[in-house]
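Trainee: Line by line, the protein sequences give chains A and V. Numbering follows full-length UniProt numbering, with no gaps: position 42 of the first sequence is 42. Numbering follows full-length UniProt numbering, with no gaps: position 171 of the second sequence is 171. Backbone N, C-alpha and C fix where the C-beta goes; we use that ideal spot for every residue, glycine too. Predicted model, so just to flag it, every value in this text is computed and none were measured.
2 protein chains.
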Amino acid sequence: MPATIRDVARASGVHISTVSRTFSAPHLVNPETRVRVLASAEELGYRPNRAARALITGRTHNIGLIIADIANPFFPPLIKAAEGQARHRDYHVFVADTNEDPTAEEELVHALAKQVDGVLLCSPRMSNSLIEQVSREVPVVVINRQVAGLPCVMMDVGQGARSAIEHLLGLGHRRIALLGGPRGSWTNREIRRAAGAAARAGGAELTLLGPNPPTETGGGAQAEQVRRSGVTAVLAYNDLMAIGLIEGLDQLGLRVPQDVSVVGVDDIALSRLTRPKLTTVATPTAAAGRTAVDMLLQHDSEPRPRGGGRSAAVGDRRTTAQVMLQTELVIRDSTGPVPETGRTRPGGTPESPGPHRLADPGGPARTTGGVVAS
Amino acid sequence: MPATIRDVARASGVHISTVSRTFSAPHLVNPETRVRVLASAEELGYRPNRAARALITGRTHNIGLIIADIANPFFPPLIKAAEGQARHRDYHVFVADTNEDPTAEEELVHALAKQVDGVLLCSPRMSNSLIEQVSREVPVVVINRQVAGLPCVMMDVGQGARSAIEHLLGLGHRRIALLGGPRGSWTNREIRRAAGAAARAGGAELTLLGPNPPTETGGGAQAEQVRRSGVTAVLAYNDLMAIGLIEGLDQLGLRVPQDVSVVGVDDIALSRLTRPKLTTVATPTAAAGRTAVDMLLQHDSEPRPRGGGRSAAVGDRRTTAQVMLQTELVIRDSTGPVPETGRTRPGGTPESPGPHRLADPGGPARTTGGVVAS
DNA sequence: CTGAAAGCGCTAACAT
DNA sequence: ATGTTAGCGCTTTCAG
Chain A
1 MPATIRDVAR
11 ASGVHISTVS
21 RTFSAPHLVN
31 PETRVRVLAS
41 AEELGYRPNR
51 AARALITGRT
61 HNIGLIIADI
71 ANPFFPPLIK
81 AAEGQARHRD
91 YHVFVADTNE
101 DPTAEEELVH
111 ALAKQVDGVL
121 LCSPRMSNSL
131 IEQVSREVPV
141 VVINRQVAGL
151 PCVMMDVGQG
161 ARSAIEHLLG
171 LGHRRIALLG
181 GPRGSWTNRE
191 IRRAAGAAAR
201 AGGAELTLLG
211 PNPPTETGGG
221 AQAEQVRRSG
231 VTAVLAYNDL
241 MAIGLIEGLD
251 QLGLRVPQDV
261 SVVGVDDIAL
271 SRLTRPKLTT
281 VATPTAAAGR
291 TAVDMLLQHD
301 SEPRPRGGGR
311 SAAVGDRRTT
321 AQVMLQTELV
331 IRDSTGPVPE
341 TGRTRPGGTP
351 ESPGPHRLAD
361 PGGPARTTGG
371 VVAS
Chain V
1 MPATIRDVAR
11 ASGVHISTVS
21 RTFSAPHLVN
31 PETRVRVLAS
41 AEELGYRPNR
51 AARALITGRT
61 HNIGLIIADI
71 ANPFFPPLIK
81 AAEGQARHRD
91 YHVFVADTNE
101 DPTAEEELVH
111 ALAKQVDGVL
121 LCSPRMSNSL
131 IEQVSREVPV
141 VVINRQVAGL
151 PCVMMDVGQG
161 ARSAIEHLLG
171 LGHRRIALLG
181 GPRGSWTNRE
191 IRRAAGAAAR
201 AGGAELTLLG
211 PNPPTETGGG
221 AQAEQVRRSG
231 VTAVLAYNDL
241 MAIGLIEGLD
251 QLGLRVPQDV
261 SVVGVDDIAL
271 SRLTRPKLTT
281 VATPTAAAGR
291 TAVDMLLQHD
301 SEPRPRGGGR
311 SAAVGDRRTT
321 AQVMLQTELV
331 IRDSTGPVPE
341 TGRTRPGGTP
351 ESPGPHRLAD
361 PGGPARTTGG
371 VVAS
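Okay, here's the thing in structure tokens:
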């Protein structure tokens, strides 16, 4: 069992408060006693118990980062950026993965609550009211979602989706599908809203496919639906789904971008490695991570009143900023001009339409949760 | 500031110990008082402070997972598996990323130490003596490394590397490069040892290239060296490097597997998505995560003696098991027969050898840290 | 500069 | 079934 402050005090012949000072306010202790204390501490392998310390100081110097799916390459840059920023300010980051499960999410906030000074809720799947509730237990900054009254860092995926649709319109596409993401995703709603409006404005038809799990599998599973729907372009909820979809289309004999154009969202590193390279809406993930940490720790340097209860120091809400980070469409190889005269379908099946597919789509796609907007 | 147990006691007119019992041993309290207490708690938004609780029980019901690089897709399956197993046993997992930095690694162990009941050290980069030292502060299970006296979960990459080399030998390759990973990696040493022995046994020459950062960039950066070295096959430290290398070779005009065969290690999901699909040594990452959690929590159900200091309950060393998990070579499309007559190099440069490259290699490659084994 | 004392929020004997 | 008491390991007034 690890040595405690008392063991060190005994070994070095001083009172425990002197040992305490040696570690938390070294300048307040006589240099000679300090070295004696340090020596005993070293010898006993003593390390201050940060949990006990936090109980009284109210500060752990840790921050929690809760994310929906650690396997999604979208998150690592955000995590790294948050870690870097936290490190600058002498904080450590603990990451928790929720597996896209709202229940796990809530549990994890509570598990983390008293082990950290604040929590970054990244792409939360729980309800707004629950978010508000947990924010009364521990300071929270929300990433990738707007919650009234709470500090939020968002990325303007609405603008991104608009640019994507306009890009596709410019290439002549008029029948476009939106490959939706998971239920409960704010990003998903934003994309749908903005893409719908842009399509409407451009006189295009937007077919909604989803909700889907935001993974390659989720994207690939909709390849058949995309084929049936007769669209010439697809905007996917994220790059992973876009890549999965391209794979799936490939297996159906449909080429990207010759037969179908595909746009993703996120600009994960992988999107430059696949063939074709993915056209996608780049989101400023690293900036989001840094900003969120800054917002959480903005009052870090202020003094704390005594008497327990975490004070205004971390996550105070006097200045509940909500910041919207800009996105940017990066055009690569997965988008191209609309096929001239409808398309011949190499992987043709009985449902496969003739060359006049474009003129005679045979009605909107029927999908679980599918909708036709405009 | 959050409500404490005292607030609830006051509000419901009972002693704080009754409130405590209501939450930690509900069956010991009268149903009627229980509902009263619960009601006040609900109303006040009271949540037991798990840090304070841990201070006395010695159990946080959290476990820490320290990994070298959260951006490496090798880890997520391990993380998910650990989380799942932990969840079964009513534990939560906090992940910390070290960025391949031994210093950050040590800091994070200390930051986590008292917030968790034990730590899983995954592919640690710090020295064995440091690992032993931190293991005196908090129970530790080491993954992907062998440390005497500590519980370890390893994957038999040695066997995997041997299979990979034998596979290449079977395809006729006699000049093979080993694309090394990061310094301080146990896996790296194992691979080098086993691959060296297998190459020697098969009468092949093994050129060592490295150390390198275990990333796509790290792999791609060695493409030129690989070309110069005149090898016909490469075994990479991991899939990421293998994929990066294939990219790099592609840009030099070398085709995989026609000109060069490439084998990775890990079998990350991505290795099935790239073209060509990667031949690789599949490591049982999920099993490793589960096993490590089991080893850490093996004495979880035992009673704990009173008097502070975490006891035998978690991470006890009475049974310091070291388990070695099996690996398996999965053959896909990135390996093929050795080029018949040396290879014509589409991307040929002044250094480019003629068709008799194989017979006249012009000496071993000179690389930073490069060695020629056998 | 150092010691004494109080207490962070909670649990766990021990009584009653 | 509930209250009393004594701390877990540490920090922080307050004296001296």
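Does the beta-carbon distance from ALA148/A to ILE176/A come in below 9 angstroms?
Mentor: Here residue 148/A corresponds to residue number 148 of the first sequence, with the count starting at 1. Here residue 176/A corresponds to residue number 176 of the first sequence, with the count starting at 1. Between ALA148/A and ILE176/A, the CB-CB gap reaches or exceeds 9 angstroms.
Trainee: Going by the DSSP bridge assignment, what does GLY13/V pair with across the sheet?
Mentor: Numbered from its first residue, the second sequence carries residue 13/V at position 13. According to DSSP, GLY13/V bridges with nothing at all.
Trainee: Quick one: using the 10 Å Cβ neighbour count with 16 as the cut-off for buried, is residue 413/A buried or exposed?
Mentor: Summary: the structure shown does not reach residue 413/A, with chain A confined to residues 1 through 374, and so no result is reported for it.
Trainee: Taking 9 angstroms as the cut-off, decide whether the C-beta atoms of ALA81/V and GLY289/V are in contact.
Mentor: On the second sequence, residue 81/V is found 81 positions in, with the first residue counted as 1. On the second sequence, residue 289/V is found 289 positions in, with the first residue counted as 1. In contact: ALA81/V and GLY289/V (Cβ atoms closer than 9 angstroms).
Trainee: When the cut-off is 9 angstroms and only beta carbons count, does VAL14/A lie next to chain V?
Mentor: Stepping through the first sequence from its first residue, residue 14/A is reached at position 14. With 9 angstroms as the cut-off, VAL14/A does not count as an interface residue toward chain V.
Trainee: Please name the residue or residues paired with ILE131/V in a DSSP beta bridge.
Mentor: Within the second sequence, numbered from 1, the residue matching residue 131/V stands at position 131. As far as DSSP is concerned, ILE131/V takes part in no beta bridge.
Trainee: Let me check one thing: in DSSP terms, what residues is PHE94/A bridge-paired to?
Mentor: Position 94 of the first sequence, counted from the first residue, corresponds to residue 94/A. Note: PHE94/A sits in a beta bridge opposite GLY64/A.
Trainee: Looking at the strands, I want to know which residues DSSP matches up with GLN322/A.
Mentor: Taking the first sequence and counting its residues from 1, the one referred to as residue 322/A is at position 322. GLN322/A pairs with CYS152/A.
Trainee: Provide the residue(s) that pair with VAL281/V in DSSP beta bridges, ordered along the chain.
Mentor: In the second sequence, residue 281/V corresponds to position 281, counting from 1. VAL281/V pairs with VAL265/V and LEU329/V.
Trainee: Determine whether the beta carbon atoms of SER163/A and SER261/A lie at a separation below 9 angstroms.
Mentor: Counting from one through the first sequence, the residue named residue 163/A turns up at place 163. Counting from one through the first sequence, the residue named residue 261/A turns up at place 261. No, Cβ-Cβ distance for SER163/A and SER261/A is not below 9 angstroms.
Trainee: In the DSSP output, which residue or residues are listed as bridge partners for VAL138/V?
Mentor: Translated into positions along the second sequence, residue 138/V becomes position 138. Per DSSP, none; premise fails for VAL138/V.
Trainee: Please decide whether GLU107/V counts as near chain A, where near means a Cβ-Cβ distance under 9 angstroms.
Mentor: Residue numbering aside, residue 107/V sits at position 107 when the second sequence is read from its first letter. Residue-level contact check: GLU107/V touches chain A, since one or more beta carbons of chain A fall below 9 angstroms from its beta carbon.
Trainee: Name the residues in the region 287-298 of chain A whose C-beta lies less than 7 angstroms from a C-beta of chain V; which are they?
Mentor: none
Trainee: Examine chain V for any beta-carbon lying closer than 9 angstroms to the beta-carbon of GLU132/A, and answer yes or no.
Mentor: Start at 1 with the first residue of the first sequence, and residue 132/A comes out as number 132. GLU132/A does not count as touching chain V.
Trainee: Nearest CA to the CA of LYS277/A: which residue from ASP294/V, LEU329/V, GLU247/V and GLY253/V?
Mentor: The sequence position of residue 277/A within the first sequence is 277, counting from 1. Among ASP294/V, LEU329/V, GLU247/V and GLY253/V, the Cα nearest to that of LYS277/A belongs to GLU247/V.
Trainee: With a threshold of 6 angstroms on Cβ separation, who are the neighbours of LEU121/A within its own chain once the five nearest residues in sequence on each side are excluded?
Mentor: Locating residue 121/A in the first sequence gives position 121, where the first residue counts as 1. Contacts found: ILE66, VAL140 and VAL142.
Trainee: How is VAL19/V classed by DSSP in three states: helix, strand or coil?
Mentor: Along the second sequence, read from residue 1 onward, the residue named residue 19/V stands at position 19. In the structure shown, the three-state DSSP call for VAL19/V is helix.
Trainee: Could you tell me whether the Cβ of PHE23/V comes closer than 9 angstroms to any Cβ of chain A?
Mentor: Numbered from its first residue, the second sequence carries residue 23/V at position 23. Cβ-Cβ to chain A under 9 angstroms: no for PHE23/V.
Trainee: Can you tell me the Cα-Cα spacing of LYS114/V and ARG189/A, whole angstroms?
Mentor: On the second sequence, position 114 is the one that residue 114/V refers to. On the first sequence, position 189 is the one that residue 189/A refers to. The alpha-carbon atoms of LYS114/V and ARG189/A are separated by roughly 41 angstroms.
Trainee: Who pairs with ALA177/A in a beta bridge, going by DSSP?
Mentor: In the first sequence, residue 177/A corresponds to position 177, counting from 1. Answer is THR207/A and VAL234/A, bridged to ALA177/A.
Trainee: Closer than 9 angstroms by beta-carbon distance: list the chain V residues that pair up with THR280/A, in chain order.
Mentor: Residue numbering aside, residue 280/A sits at position 280 when the first sequence is read from its first letter. Going along chain V, no residue has its Cβ under 9 angstroms from THR280/A, so there is no contact; the nearest lies around 16 angstroms.
Trainee: With DSSP collapsed to three states, give me the class of LEU171/A.
Mentor: On the first sequence, position 171 is the one that residue 171/A refers to. Here LEU171/A sits in coil by DSSP.
Trainee: Could you compute how far the alpha carbon of ARG53/V sits from the alpha carbon of ARG272/V?
Mentor: In the second sequence, counting from the first residue as 1, residue 53/V sits at position 53. In the second sequence, counting from the first residue as 1, residue 272/V sits at position 272. Approximately 47 angstroms, taken between the alpha carbons.
Trainee: Give, in chain order, every residue of the region 250-277 of chain A whose Cβ lies closer than 8 angstroms to some Cβ of chain V.
Mentor: Residues passing the 8 angstroms Cβ filter: ALA269, LEU270, LEU273, THR274 and ARG275.
Trainee: TYR237/V and GLY180/V look like a contact to me (Cβ under 8 angstroms); what is the Cβ gap, rounded to whole Å?
Mentor: Here residue 237/V corresponds to residue number 237 of the second sequence, with the count starting at 1. Here residue 180/V corresponds to residue number 180 of the second sequence, with the count starting at 1. Going by Cβ atoms, the distance from TYR237/V to GLY180/V rounds to 6 angstroms, so yes, they are a contact pair.
Trainee: Here's the rule I'm using: 16 or more other beta-carbon atoms within 10 Å means buried, otherwise exposed. How should HIS15/A be labelled?
Mentor: Within the first sequence, numbered from 1, the residue matching residue 15/A stands at position 15. Under this definition HIS15/A is an exposed residue.
Trainee: Inspect the beta-carbon positions of HIS110/V and TYR91/V and report whether they are closer than 9 angstroms.
Mentor: By 1-based counting over the second sequence, the position of residue 110/V is 110. By 1-based counting over the second sequence, the position of residue 91/V is 91. Their beta carbons are not under 9 angstroms apart, which means HIS110/V does not touch TYR91/V by this criterion.
Trainee: Tell me whether THR320/V is buried or exposed, calling it buried when 16 or more other Cβ atoms sit within 10 Å of its Cβ.
Mentor: Position 320 of the second sequence holds residue 320/V. Its Cβ having fewer than 16 others within 10 Å, THR320/V is exposed.
Trainee: Drop a sphere of 10 angstroms on the beta-carbon of ARG125/V, count the other beta-carbons inside from all chains shown, and report buried for 16 or more, exposed for fewer.
Mentor: Translated into the one-based positions of the second sequence, residue 125/V becomes position 125. Buried, since its Cβ has 16 or more Cβ neighbours within 10 Å.
Trainee: Could you check the C-alpha separation between ARG310/A and GLU32/A for me, to the nearest Å?
Mentor: Here residue 310/A refers to the residue found at position 310 when the first sequence is read from its first residue. Here residue 32/A refers to the residue found at position 32 when the first sequence is read from its first residue. Confidence at ARG310/A is low in this model, with a pLDDT of 42, below 50, so its placement is unreliable and no value can be given for it.
Trainee: Quick check: is the beta carbon of VAL140/V nearer than 9 angstroms to any beta carbon in chain A?
Mentor: Numbered from its first residue, the second sequence carries residue 140/V at position 140. Closer than 9 angstroms: no.
Trainee: So which of ARG21/V, GLN322/V and THR327/V has the shortest CA-CA distance to CYS152/V?
Mentor: Counting from 1 along the second sequence, the entry for residue 152/V is found at position 152. Looking at the Cα atoms, GLN322/V is the closest of the given residues.
Trainee: Can you pull the chain A residues whose beta carbon is under 9 angstroms from the beta carbon of ARG47/V, in chain order?
Mentor: Residue mapping note: residue 47/V aligns to position 47 of the second sequence, counting from 1. The answer, in chain order, is HIS110, ALA113, LYS114 and GLU137.
Trainee: Against chain A, with Cβ distances strictly below 9 angstroms, would ILE143/V count as a contact?
Mentor: Against the second sequence, residue 143/V aligns to sequence position 143. Judged by the 9 angstroms Cβ criterion, ILE143/V is not in contact with chain A.
Trainee: According to DSSP, which residues form a beta bridge with LEU108/V?
Mentor: What you label residue 108/V is simply residue 108 of the second sequence in a count that begins at 1. LEU108/V is not bridged to any residue.
Trainee: Can you tell me where the beta strand (DSSP E) with LEU240/A in it begins and where it stops?
Mentor: Along the first sequence, read from residue 1 onward, the residue named residue 240/A stands at position 240. LEU240/A -> not in any beta strand (DSSP E); alpha helix (DSSP H) instead, spanning 239-251.
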